[in-house]
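Asker:
Number of protein chains: 2
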Amino acid sequence: MILDSRPEIKDRLAIIAGSGLLPLHVAEAARRHGENPFIIALANESDRDWSDFENTTLGIGNFKAISSLFRNAGIGRVVLSGAVRRRPDWRDIKPTLKSLARVPSVLRTLLSGGDDAVLKMAIELIETNGARVIGVQDIVPELLATVGPLGGREPGAEDQADIEIAEAAAIALGHLDVGQGAVAVGGRVVALEGPEGTDAMLERVARLKADGRISARRRGVLVKLCKPQQDVRADLPSIGPSTIAHAAAAGLAGVAVEAGRALVLERAELIAAADKAGLFVIGVDRASLRGRS
Amino acid sequence: MILDSRPEIKDRLAIIAGSGLLPLHVAEAARRHGENPFIIALANESDRDWSDFENTTLGIGNFKAISSLFRNAGIGRVVLSGAVRRRPDWRDIKPTLKSLARVPSVLRTLLSGGDDAVLKMAIELIETNGARVIGVQDIVPELLATVGPLGGREPGAEDQADIEIAEAAAIALGHLDVGQGAVAVGGRVVALEGPEGTDAMLERVARLKADGRISARRRGVLVKLCKPQQDVRADLPSIGPSTIAHAAAAGLAGVAVEAGRALVLERAELIAAADKAGLFVIGVDRASLRGRS
């Protein structure tokens, strides 16, 4: 007896798009790789024009709509990309019948969890709807930072010391699920990144130098690392041309990111900006970091 | 044979005064305790009227003048108090002949050390001039925070959880010699204090809430602790009425400080402000913290 065993075609790629340039990069690269991505733009977050793609706009807590969308559009794989700057309010949560029992724990995580906890929950909720969450790097591996300098500059001995000090601080910060970035200037950690984000932290460093609270005679470095415990399918640390502009304004000597676990956006523009400003950009080996974590 | 063995009378108290209210409190309390303090106001830092006291104004790196002042005024004990907002520039350093060989290491510390490293160095330099450095608390023990609530409010269960989370973060931060303060909101660490100071950190938390980056539905707490390795004769964490005002503006539920190793300035005004704003202020037992450090 032969049953109709045609498998349900349910493998379309969806990109859940937060704010910033990253989602558009991912969508375009996915298309180049032969995908036909469906864009789920997050209301109040996504800030790009999606008219070139099949798309819809949804509130971040609208699990009900996401669930039926996955079914109707045959979504089988999901990439989370872009920043989510605002935590959703409980009034935004529109649960499915299946997820109703989990609403209290969802709310608790949204109100109190670190970014890492929130993303873990989002991944779980998506996967209970039958789709697989994959990483941006699975679609666009060319965005991953590689080991070594990206532009024309390399860190000097003093910069190298700052990189190591900021790395140790970033690892401690990641363990606390607070953030991914740290700045060291002249051997001293002067800023740790919280929910304000990297650019705002770099503005703070610029102010500290202008006010004389830290030495303006030492340059310093920004280091961004994956949190030790984070799911690499969401929220990889990233840098872009704006990071370089802010690092230059803070008088830093350069930027180091974790090779293989950080994204470099608009690489050509970023390198041109770094070279012009005289900043190094370097991918550091995570194996050497693990020993110290 | 009887030699003239009259001991040199060299026990006068000097107060090296940085910025803020603390030095004046210490000077007045010292006078109440029968001392005749000599005030060394730090140029560009001290912001009080010292005309009631014998005083002089000196640049922070002027070891030459400090050395002869100690000798001429018979200074035997020194209290460091108040904030030092600006790191001295190398051009400010006026070494004594004796300290000349140490200038390179002094400069390195001033440029690169954490606050803790700089204070350790200052203490050492003073003590090589024959004076003993004592803590503010040795002169004005009544400023030390005690165990338990200071005003009419006490932390609830959720606040207690935030206190413990912020404590753990503050201990990690102290180990890095970055700062003494941390803020947790709804179970999540949202800010770690750097050279910007407590008030600026609390302004950042207020902005994060206003921008929706962290939940404005949870209140949160500020915790200030001594760094695990710091010398308690300098730079004890402190809170004052301004801390309460900033904590209230950030929507926090209250403030916790380390009992026995933190200073409460203008206690009556601080308690009145906290009670009026509905904030708790509590001294937490350091013994319970040590187990976790």
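Which chain is which? The protein sequence lines are A and B, in order.
Offset between the first sequence (1-based) and my numbering: plus 59.
Offset between the second sequence (1-based) and my numbering: plus 59.
By construction, the Cβ of each residue, glycine as well, lies at the ideal position given by its N, Cα and C atoms.
Since the structure is predicted, the reported quantities are computational estimates derived from the model, not experimental observations.
(1) Could you check which residue in B:A318, B:I298, B:A315 has the C-alpha nearest to that of B:A327?
(2) In this structure, how does DSSP classify B:G194 when only helix, strand and coil are distinguished?
(3) If you draw a straight line from the alpha carbon of A:F339 to that of A:A333, how long is it in whole angstroms?
(4) Give me, in chain order, the residues of the same chain whose beta-carbon lies closer than 8 Å to that of A:D218; leave out the 5 immediate sequence neighbours on both sides.
(5) Are the beta-carbon atoms of A:K179 and A:Q239 separated by less than 7 Å?
(6) Could you check what DSSP says for A:A231 in three-state terms: helix, strand or coil?
(7) If the cut is a Cβ gap below 7 Å, which residues of chain A does B:A250 touch?
(8) Since A:V242 and A:A250 are thought to touch, with beta carbons under 8 Å apart, how far apart are those beta carbons, to the nearest angstrom?
(9) Going along chain B in order, which residues have a C-beta closer than 7 Å to the C-beta of A:A231?
(10) When Cβ atoms are compared, which residues of the region 257–275 of chain B fall closer than 7 Å to chain A?
(11) Buried or exposed: which applies to B:E317, given that a residue is buried once 16 or more other Cβ atoms fall within 10 Å of its Cβ?
(12) Counting only beta-carbon separations shorter than 7 Å, does B:G173 have a partner in chain A?
(13) When DSSP builds the beta bridges, which residues end up paired with B:A241?
(14) Drop a sphere of 10 angstroms on the beta-carbon of B:N131, count the other beta-carbons inside from all chains shown, and report buried for 16 or more, exposed for fewer.
(15) By the 10 Å Cβ neighbour count, where 16 or more other Cβ atoms means buried, how is A:T168 classified, buried or exposed?
(16) Between B:R292 and B:V192, what straight-line distance do the alpha-carbon atoms span, to the nearest angstrom?
(17) Which class does A:A73 belong to by DSSP, given the choice of helix, strand or coil?
(18) Using only alpha-carbon positions, find the residue among B:L235, B:M260, B:G245, B:K153 that is nearest to A:L166.
(19) Terminal residues of the continuous beta strand (DSSP E) containing B:L117?
(20) How would you list, in chain order, the residues of chain B whose beta-carbon sits under 8 Å from the beta-carbon of A:A228?
(21) Looking at the C-beta of B:R145, does it have a partner C-beta in chain D at a distance below 7 Å?
(22) Buried or exposed for B:K335, going by 16 or more other Cβ atoms inside 10 Å?
(23) Sort A:G173, A:A308, A:A259 by Cα distance to A:A269 and report the nearest one.
(24) Suppose you measure from the CA of A:G233 to the CA of B:A227; what does that come to, to the nearest Å?
(25) Using the beta-carbon count (16 or more within 10 Å), is B:Q196 buried or exposed?
(26) Quick one: what does DSSP say A:S274 is sitting in, helix, strand or coil?
(27) Tell me B:G342's beta-bridge partners as DSSP assigns them.
(28) For the alpha helix (DSSP H) containing B:R326, name the first residue and the last one.
(29) Start and end of the alpha helix (DSSP H) containing B:L128?
(30) Using a threshold of 7 Å, state whether the C-beta atoms of B:G120 and B:I152 are closer than that.
(31) What is the rounded straight-line gap between the Cα of A:G337 and the Cα of A:A265?
(32) Taking all protein chains shown into account, decide if B:T205 is buried (16 or more other Cβ within 10 angstroms of its Cβ) or exposed.
(33) Mapping the DSSP letters down to three states, classify B:I152 as helix, strand or coil.
(34) Taking the alpha carbon of B:T115 as the reference point, which residue from B:E252, B:I74, B:P214, B:R247 has its own alpha carbon closest?
Answerer: On the basis of the coordinates in this document:
(1) Mapped onto the second sequence, residue 327 of chain B falls at position 268. Comparing Cα-Cα distances from B:A327 to each of B:A318, B:I298, B:A315, the minimum goes to B:I298.
(2) Numbered from 1 along the second sequence, position 135 holds the residue referred to as residue 194 of chain B. Coil, per DSSP.
(3) For the purposes of this step, residue 339 of chain A is taken as residue 280 along the first sequence, with counting starting at 1. For the purposes of this step, residue 333 of chain A is taken as residue 274 along the first sequence, with counting starting at 1. Looking at the two C-alpha atoms, the distance is approximately 6 Å.
(4) Stepping through the first sequence from its first residue, residue 218 of chain A is reached at position 159. Excluding residues within five positions, the ones whose Cβ falls inside 8 Å are R278, V280, A312, G313, F339.
(5) Indexing the first sequence from 1 puts residue 179 of chain A at position 120. Indexing the first sequence from 1 puts residue 239 of chain A at position 180. In this structure, A:Q239 does not lie closer than 7 Å to A:K179 by Cβ.
(6) Stepping through the first sequence from its first residue, residue 231 of chain A is reached at position 172. Looking at A:A231 - three-state DSSP - the assignment turns out to be helix.
(7) Taking the first residue of the second sequence as 1, we reach residue 250 of chain B at position 191. By Cβ distance, chain A contributes G253.
(8) One-based indexing of the first sequence puts residue 242 of chain A at position 183. One-based indexing of the first sequence puts residue 250 of chain A at position 191. That belief holds up - the Cβ atoms of A:V242 and A:A250 are roughly 4 Å apart, short of 8 Å.
(9) Numbered from its first residue, the first sequence carries residue 231 of chain A at position 172. Residues of chain B passing the Cβ test: A231, L235.
(10) R263, L267, G271, R272, I273, S274
(11) Along the second sequence, read from residue 1 onward, the residue named residue 317 of chain B stands at position 258. When all chains shown are included, B:E317 counts as buried.
(12) Here the question's residue 173 of chain B lines up with position 114 in the second sequence. Output row for B:G173: interface = yes.
(13) Residue mapping note: residue 241 of chain B aligns to position 182 of the second sequence, counting from 1. Per DSSP, B:L251, B:V282.
(14) Taking the first residue of the second sequence as position 1, residue 131 of chain B is located at position 72. With fewer than 16 Cβ atoms within 10 Å of its Cβ, B:N131 is classed as exposed.
(15) Here residue 168 of chain A refers to the residue found at position 109 when the first sequence is read from its first residue. Label assigned to A:T168: buried.
(16) To locate residue 292 of chain B, count along the second sequence from 1; it is residue 233. To locate residue 192 of chain B, count along the second sequence from 1; it is residue 133. Each residue's Cα considered, the two are about 7 Å apart.
(17) Here residue 73 of chain A corresponds to residue number 14 of the first sequence, with the count starting at 1. Correct three-state label for A:A73: strand.
(18) Taking the first sequence and counting its residues from 1, one reaches residue 166 of chain A at position 107. Ranking the options by Cα distance to A:L166, first place goes to B:G245.
(19) Locating residue 117 of chain B in the second sequence gives position 58, where the first residue counts as 1. Its beta strand (DSSP E) spans residues 114–117.
(20) Here the question's residue 228 of chain A lines up with position 169 in the first sequence. Those are L235, V237, listed as they occur along chain B.
(21) Checking the listed chains, one finds no chain D in this structure; the protein chains it contains are A and B.
(22) For the purposes of this step, residue 335 of chain B is taken as residue 276 along the second sequence, with counting starting at 1. With fewer than 16 Cβ atoms within 10 Å of its Cβ, B:K335 is classed as exposed.
(23) Start at 1 with the first residue of the first sequence, and residue 269 of chain A comes out as number 210. With distances taken between Cα atoms, A:A269 lies closest to A:A308.
(24) Counting from one through the first sequence, the residue named residue 233 of chain A turns up at place 174. Counting from one through the second sequence, the residue named residue 227 of chain B turns up at place 168. Near 13 Å, if we compare the C-alpha coordinates of B:A227 and A:G233.
(25) Taking the second sequence and counting its residues from 1, the one referred to as residue 196 of chain B is at position 137. Under this definition B:Q196 is a buried residue.
(26) Residue mapping note: residue 274 of chain A aligns to position 215 of the first sequence, counting from 1. It is coil, neither helix nor strand.
(27) In the second sequence, the residue the question calls residue 342 of chain B occupies position 283. BP columns for B:G342 point to B:G207, B:V316.
(28) By one-based count along the second sequence, residue 326 of chain B stands at place 267. Run containing B:R326: 326–336, per the alpha helix (DSSP H) assignment.
(29) As a working note, residue 128 of chain B is residue 69 in the second sequence. Note, B:L128: alpha helix (DSSP H), 122–132.
(30) Position 61 of the second sequence, counted from the start, is the residue given in the question as residue 120 of chain B. Position 93 of the second sequence, counted from the start, is the residue given in the question as residue 152 of chain B. Cβ distance < 7 Å, so B:G120 and B:I152 count as in contact.
(31) Locating residue 337 of chain A in the first sequence gives position 278, counting from the first residue. Locating residue 265 of chain A in the first sequence gives position 206, counting from the first residue. The straight-line gap from Cα to Cα measures roughly 17 Å.
(32) If you number the second sequence from 1, residue 205 of chain B lands on position 146. Answer is exposed; the Cβ neighbour count stays below 16.
(33) The sequence position of residue 152 of chain B within the second sequence is 93, counting from 1. Of the three classes helix, strand and coil, the one that applies to B:I152 here is coil, per DSSP.
(34) Along the second sequence, one-based indexing puts residue 115 of chain B at 56. The residue with the shortest Cα to Cα distance from B:T115 is B:I74.
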